[in-house]
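Q: Chains P and X supply the protein sequences, listed in that same order.
Start counting at 1 in the first sequence, then tack on 1, and there's your number in my numbering.
Once you know that position 32 of the second sequence is 20 in my numbering, the rest is easy, because the numbers rise by one and skip nothing.
Heads up, the beta-carbon is just placed ideally off N, CA and C, and yes, glycines get one too.
Here the structure is a predicted model, which is why all the values come from computation and not from measurement.
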Amino acid sequence: MMSRHSLVGASLVAVALISVSRDASAQSQTVTLPPSPAAVHVTNTVTIGGTFSVDVGSLVQNTLQANPCNPGACYDATTTVHANRGWQLQVTLSQTPANFTVAWIEKPQDAPHPLVAGIYQTIATGSSATPAQGVSAMYNANKTNGKGGAVPTASQLAAVLSYRVIASP
Amino acid sequence: VITRLIRPTRRLFRVVLTGMTLVALTSRAQAQSQSCDLPPGNNKMCAATPAVTVLMNVVATTRLEMVSSLTPPNNDLTVADFSAGFKSIGTVQLTAKSNAAASISISSSTNPSGYSGVSWSTDGSHFTDPSTLFTTSGATAGLAKSITFRTKLAWAADAPGSYTQTINFTISAP
């Protein structure tokens, strides 16, 4: 069992340690002249994580009518990627459209990649940081089979496209 | 515990300083020559008021206190921070007490590769990174200045990682 003296002593030590901790976090220092010059220092440690952003630009219907834009219509989209390290630009559908389907067209093969809501498709990559990297993409949209199916307007398509940028593997 | 250790040392220093001062003053006083002549048979006191000149060499002394309240980014930078090109990280409070003119300046160590470093302002709005923060034109009982800091951010320059940088505050006599 601790005596009263031990308790008081332990308390004082605790108070002293807390005071020292606070002083350390505040980085308080004093220096006096002479001799001249004299200096005090602050040391900072900055931790930066991977940071990414995409600005969604225009989406316009183009005039291509051959494969892969037939059937349906094709659309040209522009986006701008910002990243402080290597990156991947991905796209998905925010929801499943009721009246049309969408595919991203991979260039230069013109290979269609159907988009599914919630599943991201990588459409561009960058191996290093970039302050503003423009990315162009083409999409094909076609009406669904059955009643109500329709080729979307550019604004209808833009409303369901959803982008994100992640770190490159 | 620390205070207990320091207090006796302070007392000892004060006693030694007082003793040295008294010895110095006594030496000066003894160097002054005084004379008082009494005619023979006069048993009255001979009074003389000694003129004592005390010479003190007061050196220029300045004390600078620095309290840092900087909070550097800790994996919490946002797209908005990068878009803005900076993130505010707080202030450093400097207080100078001086009996003479003094100049307070700042410098930072070289920016680590992959990090743009810090920027600072003496008025909180113009981040021009002045090397001289302020001067005491003469004696001051306490001239306080708040220096505001930002960490600079650029997409292509500030890569993920941890970076350590030292900021120096230097006080010098003109």
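Hey, would you say Ala130/P sits closer than 8 Å to Arg86/P, going by beta carbons?
A: On the first sequence, position 129 is the one that residue 130/P refers to. On the first sequence, position 85 is the one that residue 86/P refers to. Yes.
Q: Ends of the beta strand (DSSP E) at Phe74/X?
A: Taking the second sequence and counting its residues from 1, one reaches residue 74/X at position 86. Counting along the chain, the beta strand (DSSP E) containing Phe74/X begins and ends at Phe74 to Ser86.
Q: Taking Gln153/X as the reference, give the member of Gly51/P, Val47/P and Val136/P with the closest Cα.
A: Position 165 of the second sequence, counting from 1, holds the residue named residue 153/X. For Gln153/X, the nearest C-alpha among the options comes from Val47/P.
Q: Tell me where the alpha helix (DSSP H) around Leu43/X begins and ends.
A: Counting from 1 along the second sequence, the entry for residue 43/X is found at position 55. From DSSP, Leu43/X is part of no alpha helix (DSSP H); its letter is neither H nor E.
Q: Would you mind stating whether Thr79/P and Ser59/P have Cβ atoms separated by less than 8 Å?
A: Position 78 of the first sequence, counted from the first residue, corresponds to residue 79/P. Position 58 of the first sequence, counted from the first residue, corresponds to residue 59/P. Yes, they are a contact pair.
Q: Would Met54/X pass as an interface residue toward chain B - the criterion being a Cβ-Cβ separation below 8 Å?
A: Note that chain B does not occur in the displayed structure, where the protein chains are P and X.
Q: Taking DSSP's pairing of strands, which residues face Asp56/P in a bridge?
A: As a first step, residue 56/P is located in the first sequence; it is residue number 55 there, counting from the start. Beta-bridge pairing links Asp56/P to Thr81/P.
Q: State the Cα-Cα distance for the pair Ser160/X and Thr136/X, rounded to the nearest angstrom.
A: For this step, residue 160/X is matched to residue 172 along the second sequence. For this step, residue 136/X is matched to residue 148 along the second sequence. Spanning the two alpha carbons is a distance of roughly 21 Å.
Q: Look at the alpha carbon of His114/P and the alpha carbon of Gln122/P, and state the distance between them as a whole number of angstroms.
A: As a first step, residue 114/P is located in the first sequence; it is residue number 113 there, counting from the start. As a first step, residue 122/P is located in the first sequence; it is residue number 121 there, counting from the start. Computed Cα separation, rounded: 8 Å.
Q: Mark Thr179/X as exposed unless 16 or more other C-beta atoms lie within 10 angstroms of its C-beta, in which case mark it buried.
A: The structure shown does not extend to residue 179/X, since chain X is modelled only from -11 through 162, so no value can be given for it.
Q: Please work out which residues of its chain come closer than 7 Å, Cβ to Cβ, to Ser134/X, disregarding the five sequence neighbours upstream and downstream, and give them in chain order.
A: Along the second sequence, read from residue 1 onward, the residue named residue 134/X stands at position 146. Counting only Cβ-Cβ distances below 7 Å, and skipping sequence neighbours, we find Thr79 and Gln81.
Q: Please classify Ser104/X: does DSSP put it in a helix, a strand, or coil?
A: Along the second sequence, read from residue 1 onward, the residue named residue 104/X stands at position 116. Looking at Ser104/X - three-state DSSP - the assignment turns out to be coil, as it is neither helix nor strand.
Q: Can you name, in chain order, every residue of its own chain whose Cβ lies under 7 Å from the Cβ of Gly149/X, other than the five neighbours on each side?
A: As a first step, residue 149/X is located in the second sequence; it is residue number 161 there, counting from the start. Correct list, in chain order: Gly102.
Q: Going by the beta-carbon positions, is the gap between Ala142/P and Gly51/P smaller than 8 Å?
A: Position 141 of the first sequence holds residue 142/P. Position 50 of the first sequence holds residue 51/P. No, the Cβ-Cβ distance between Ala142/P and Gly51/P is not below 8 Å.
Q: Leaving out the 5 sequence neighbours to the left and right, which residues in its chain are closer than 7 Å to Thr145/P when beta-carbon positions are compared?
A: Stepping through the first sequence from its first residue, residue 145/P is reached at position 144. Excluding positions up to five away in sequence, the list reads Asn100, Phe101 and Thr102.
Q: Determine the direct distance from the alpha carbon of Pro61/X to that of Ser109/X, and round the result to whole angstroms.
A: Here residue 109/X is taken as the residue at index 121 of the second sequence, counted from 1. Here residue 61/X is taken as the residue at index 73 of the second sequence, counted from 1. Roughly 18 Å between the two C-alpha positions.
Q: Which first and last residues belong to the beta strand (DSSP E) in which Ala104/P is found?
A: Here residue 104/P refers to the residue found at position 103 of the first sequence. Where Ala104/P is concerned, the enclosing beta strand (DSSP E) stretches over Phe101 to Glu107.
Q: Identify which residue in Met139/P, Gln66/P, Ile120/P and Ser128/P has its Cα closest to the Cα of Ala112/P.
A: Within the first sequence, numbered from 1, the residue matching residue 112/P stands at position 111. With distances taken between Cα atoms, Ala112/P lies closest to Met139/P.
Q: Answer yes or no: does any C-beta atom of chain P fall closer than 8 Å to that of Ile135/X?
A: For this step, residue 135/X is matched to residue 147 along the second sequence. Cβ-Cβ to chain P under 8 Å: no for Ile135/X.
Q: Exposed or buried, Met44/X, counting other C-beta atoms within 10 Å across all chains shown (16 or more means buried)?
A: Residue 44/X sits at position 56 when you count from the first residue of the second sequence. The residue in question, Met44/X, is exposed, as its Cβ has fewer than 16 Cβ neighbours within 10 Å.
Q: Find the nearest neighbour of Asn63/P within the set Ala84/P, Phe53/P, Ala155/P and Trp105/P, judged by alpha-carbon distance.
A: Within the first sequence, numbered from 1, the residue matching residue 63/P stands at position 62. With distances taken between Cα atoms, Asn63/P lies closest to Ala155/P.
Q: Evaluate Pro98/P with the Cβ neighbour count: other Cβ atoms within 10 Å of its Cβ, from every protein chain shown; 16 or more gives buried, anything less gives exposed.
A: By one-based count along the first sequence, residue 98/P stands at place 97. Its Cβ being crowded by 16 or more others within 10 Å, Pro98/P is buried.
Q: Could you tell me the distance, in whole angstroms, from the CA atom of Gly112/X to the CA atom of Ser76/X?
A: The count along the second sequence starts at 1 and reaches residue 112/X at position 124. The count along the second sequence starts at 1 and reaches residue 76/X at position 88. Taking the straight line from one Cα to the other gives about 10 Å.
Q: Three or more C-beta pairs closer than 8 Å, one from the stretch 90 to 102 of chain X and one from the stretch 117 to 126 of chain X: is that the case here?
A: Output reads yes: the stretch 117 to 126 of chain X touches the stretch 90 to 102 of chain X.
Q: Confirm, please, whether the CB-CB distance from Leu116/P to Trp105/P is below 8 Å.
A: Position 104 of the first sequence, counting from 1, holds the residue named residue 105/P. Position 115 of the first sequence, counting from 1, holds the residue named residue 116/P. Cβ atoms of Trp105/P and Leu116/P: closer than 8 Å.
Q: Quick one: what's got a C-beta closer than 6 Å to Ile167/P's C-beta in the same chain, skipping five residues either side?
A: Within the first sequence, the letter at position 166 stands for residue 167/P. Answer for Ile167/P: Gln89, listed in chain order.
Q: If I'm right that Ala142/X touches Ser107/X with Cβ under 8 Å, what's the distance once you round it to whole angstroms?
A: Here residue 142/X refers to the residue found at position 154 when the second sequence is read from its first residue. Here residue 107/X refers to the residue found at position 119 when the second sequence is read from its first residue. The Cβ separation is near 12 Å, so there is no contact.
Q: With distances taken between CB atoms, is the gap from Leu65/X to Ile49/P smaller than 8 Å?
A: Residue mapping note: residue 65/X aligns to position 77 of the second sequence, counting from 1. Residue mapping note: residue 49/P aligns to position 48 of the first sequence, counting from 1. Result yes, Cβ atoms of Leu65/X and Ile49/P sit closer than 8 Å.
Q: Excluding the 5 residues flanking Thr83/X on each side, which residues of the same chain have their C-beta closer than 6 Å to its C-beta?
A: On the second sequence, residue 83/X is found 95 positions in, with the first residue counted as 1. Answer for Thr83/X: Glu53, Gly130 and Ala132, listed in chain order.
Q: Measure the Cβ-Cβ separation of Ala40/P and Asn156/X and say whether it is below 8 Å.
A: Stepping through the first sequence from its first residue, residue 40/P is reached at position 39. Stepping through the second sequence from its first residue, residue 156/X is reached at position 168. Contact: yes.
Q: Would you please state the rounded distance, in angstroms, between the beta carbons of Val92/P and Leu162/P? I believe it to be under 8 Å.
A: Stepping through the first sequence from its first residue, residue 92/P is reached at position 91. Stepping through the first sequence from its first residue, residue 162/P is reached at position 161. Between Leu162/P and Val92/P the Cβ distance is about 6 Å, and since that is below 8 Å, they are a contact.
Q: My parser needs the beta strand (DSSP E) runs of 3 or more residues fully inside the stretch 130 to 162 of chain P; what are they?
A: The stretch 130 to 162 of chain P contains these whole beta strand (DSSP E) runs: 131 to 144.
Q: On the three-state DSSP scale, how would you describe Val67/X?
A: Position 79 of the second sequence, counted from the first residue, corresponds to residue 67/X. Val67/X: helix per DSSP, three-state reduction.
Q: Using a cut-off of 8 Å between C-beta atoms, extract the partners of Phe70/X located in chain P.
A: By 1-based counting over the second sequence, the position of residue 70/X is 82. Ordered by position in chain P, the residues that pass the 8 Å Cβ test against Phe70/X are Thr52, Ser54, His83 and Asn85.
Q: Are there 16 or more other CB atoms within 10 angstroms of the CB of Asn45/P, so buried, or fewer, so exposed?
A: As a first step, residue 45/P must be located in the first sequence, where it is residue number 44. Per the 10 Å Cβ criterion, buried.
Q: Tell me the rounded alpha-carbon separation between Gln110/P and Val55/P.
A: In the first sequence, counting from the first residue as 1, residue 110/P sits at position 109. In the first sequence, counting from the first residue as 1, residue 55/P sits at position 54. Their Cα atoms are separated by approximately 25 Å.
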